[in-house]
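To start, the structure under review is shown below, and the notes come after it.
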Amino acid sequence: MVANTAVLVRWVAWALLIGGVLLGGSAYLSRPTQAVSPVRVAAANVSDSGTSLGPAGFAQLYVAAYIEAGEGSQKALAAFYPAAAQVSLSGKAGEQRAEQTAAVRFTTVAPGYWSVIVAARVTGPTVAADPAVEPPNPTGAGSSGLRYFQVAVRATGAAGQGGYVAVALPAEVSEPGHGGAPSLDYGPSVPAQAADLAVQTLQAFLGAYLTGAGELDRYLSPGTQLAPVTPAPYTAVTVAQVAEHAGATAPNTAQAPADGAVRRLLVDTAATTGSGQQRPLTYAVVLKARAGRWEVAAIDAAPDLATGATPTAAATSPAATSTGEGQG
Numbered sequence: 001m002v003a004n005t006a007v008l009v010r011w012v013a014w015a016l017l018i019g020g021v022l023l024g025g026s027a028y029l030s031r032p033t034q035a036v037s038p039v040r041v042a043a044a045n046v047s048d049s050g051t052s053l054g055p056a057g058f059a060q061l062y063v064a065a066y067i068e069a070g071e072g073s074q075k076a077l078a079a080f081y082p083a084a085a086q087v088s089l090s091g092k093a094g095e096q097r098a099e100q101t102a103a104v105r106f107t108t109v110a111p112g113y114w115s116v117i118v119a120a121r122v123t124g125p126t127v128a129a130d131p132a133v134e135p136p137n138p139t140g141a142g143s144s145g146l147r148y149f150q151v152a153v154r155a156t157g158a159a160g161q162g163g164y165v166a167v168a169l170p171a172e173v174s175e176p177g178h179g180g181a182p183s184l185d186y187g188p189s190v191p192a193q194a195a196d197l198a199v200q201t202l203q204a205f206l207g208a209y210l211t212g213a214g215e216l217d218r219y220l221s222p223g224t225q226l227a228p229v230t231p232a233p234y235t236a237v238t239v240a241q242v243a244e245h246a247g248a249t250a251p252n253t254a255q256a257p258a259d260g261a262v263r264r265l266l267v268d269t270a271a272t273t274g275s276g277q278q279r280p281l282t283y284a285v286v287l288k289a290r291a292g293r294w295e296v297a298a299i300d301a302a303p304d305l306a307t308g309a310t311p312t313a314a315a316t317s318p319a320a321t322s323t324g325e326g327q328g
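Each residue of the sequence shown is one higher than the one before, starting from 1 at the first, in the UniProt record's numbering.
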């Protein structure tokens, strides 16, 4: 009787074990296949007057993937440009890489449709048509290693809810032109004078702001909130030149200012790093007088432009926009 019971227990155990394996295999085989989701940059605002950050960011990602593409990379490119699944690619993927990318020109072609020129610092070998005439250049085309790609980007879905898609492969183009230096609304820069009370405030303020030397708050106007740069990137800073706002007359710099007086200055400085390197920096600063001394009321977000120097949108690049069926 005991023997029969033992045999029965063994058979039940085997039945449970085999049944568990079969059920697990059935569950695995019946699991639905998951589709690979394409890379998607959400469109924050796709109206004609909306932000350019979404399309520009998408274009940068697309160009980086395009430069690194090679044989077998069609699926990665198709996440940006669906028709790339049928594009013929050759060469080893990853042989060239975009170490840095930046959107340098942005044109609205139509509502929800943009042209973006992306600058890419390409690393990896590039070989001329005849290596005997021009040896391989390890840093890419041009002495700077920068190459430029024009990308057409279209919005998908409703504004704020869709994403972006490329309508063609990138087109490699020449470097976009550069405009001249804009005119600023300040007078000529003059060497900073140690006796100038404003310079003394600026020197102490920038020392606290950039090197951590001293308390920053003591140089700020009431209500002005600024925090020092941390960790402090410099060990010393010197105010080199100052320029008064256009139309302003520099006061007697060594005399205590009247309460409420304001000076808007463009300040050139020389900051020294821990390794001894000097780096020039420029600040647009607003000073306000209180209790016979100058205090920092604000660091402007940007220097004031001269009247008539209002910036305009960059023109569409004159470069050709045709694309090929291969890697640029």
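All residues carry an ideal CB built from backbone N, CA and C; glycine is no exception.
So who's on the other strand from residue i, going by DSSP bridges?
| i | result |
| --- | --- |
| G163 | T156 |
| A270 | T238 and P280 |
| P191 | Q241 |
| Y113 | A110 and R154 |
| Q96 | None, per the DSSP bridge assignment. |
| E295 | K288 |
If distances are taken between C-alpha atoms only, which option among the options comes closest to residue i?
| i | options | result |
| --- | --- | --- |
| I98 | K92, V151, R147 and I117 | The sequence shown places Ala at residue 98, not Ile. When only C-alpha atoms are compared, the closest one is R147. |
| L287 | D259, G91 and S115 | D259 |
| A152 | L265, A208, H245 and A110 | A110 |
| I67 | L53, T101 and A83 | T101 |
| P303 | A246, R290 and A171 | A246 |
| V267 | A284, A93 and V118 | A284 |
| S73 | G223, G94, Q60 and L61 | G94 |
| A120 | G179, T230 and A171 | A171 |
| V173 | P182, V190, A155 and V118 | V118 |
| P125 | P222, K92 and T230 | K92 |
| A232 | T282, P222, A248 and G214 | G214 |
| P222 | G177, T253 and W294 | W294 |
| V190 | V229, A83 and T253 | T253 |
| G187 | A248, G145 and G177 | A248 |
Does the Cβ-Cβ distance between residue i and residue j come in under 8 Å?
| i | j | result |
| --- | --- | --- |
| V239 | L202 | yes |
| A76 | A85 | no |
| Y81 | A166 | yes |
| T273 | V237 | no |
| V122 | Q150 | no |
| P257 | A289 | yes |
| G276 | Y164 | no |
| A271 | Y234 | yes |
With a threshold of 7 Å on Cβ separation, who are the neighbours of residue i within its own chain once the five nearest residues in sequence on each side are excluded?
| i | result |
| --- | --- |
| A192 | V199, V239, A240, Q241 and V242 |
| A56 | A103, F106 and V116 |
| L281 | T269 and A271 |
Please work out which residues of its chain come closer than 6 Å, Cβ to Cβ, to residue i, disregarding the five sequence neighbours upstream and downstream, and give them in chain order.
| i | result |
| --- | --- |
| G324 | Only weak support exists for where G324 lies, its pLDDT of 33 falling under 50; the value from the coordinates is given anyway. Once the five neighbours on either side are set aside, G324 has no close Cβ partner at all. |
| E71 | L89 and S90 |
| R264 | H245 and V286 |
| A261 | A289 |
| A291 | none |
| A64 | A98 and T101 |
| Q278 | A270 and T272 |
Assuming residue i and residue j form a contact by the criterion Cβ under 8 Å, report the distance between their Cβ atoms to the nearest whole angstrom.
| i | j | result |
| --- | --- | --- |
| L305 | D196 | Contact doesn't hold; Cβ gap of about 26 Å is too wide. |
| L206 | T269 | 6 Å |
| A168 | G162 | With 8 Å as the limit, A168 and G162 do not qualify as a contact, their Cβ atoms being about 19 Å apart. |
Tell me which residues share the same chain as residue i and place their Cβ nearer than 8 Å to its Cβ, disregarding the 5 neighbours each side in the sequence.
| i | result |
| --- | --- |
| L226 | Y209, L216, L220, V296 and I299 |
| T230 | G212 |
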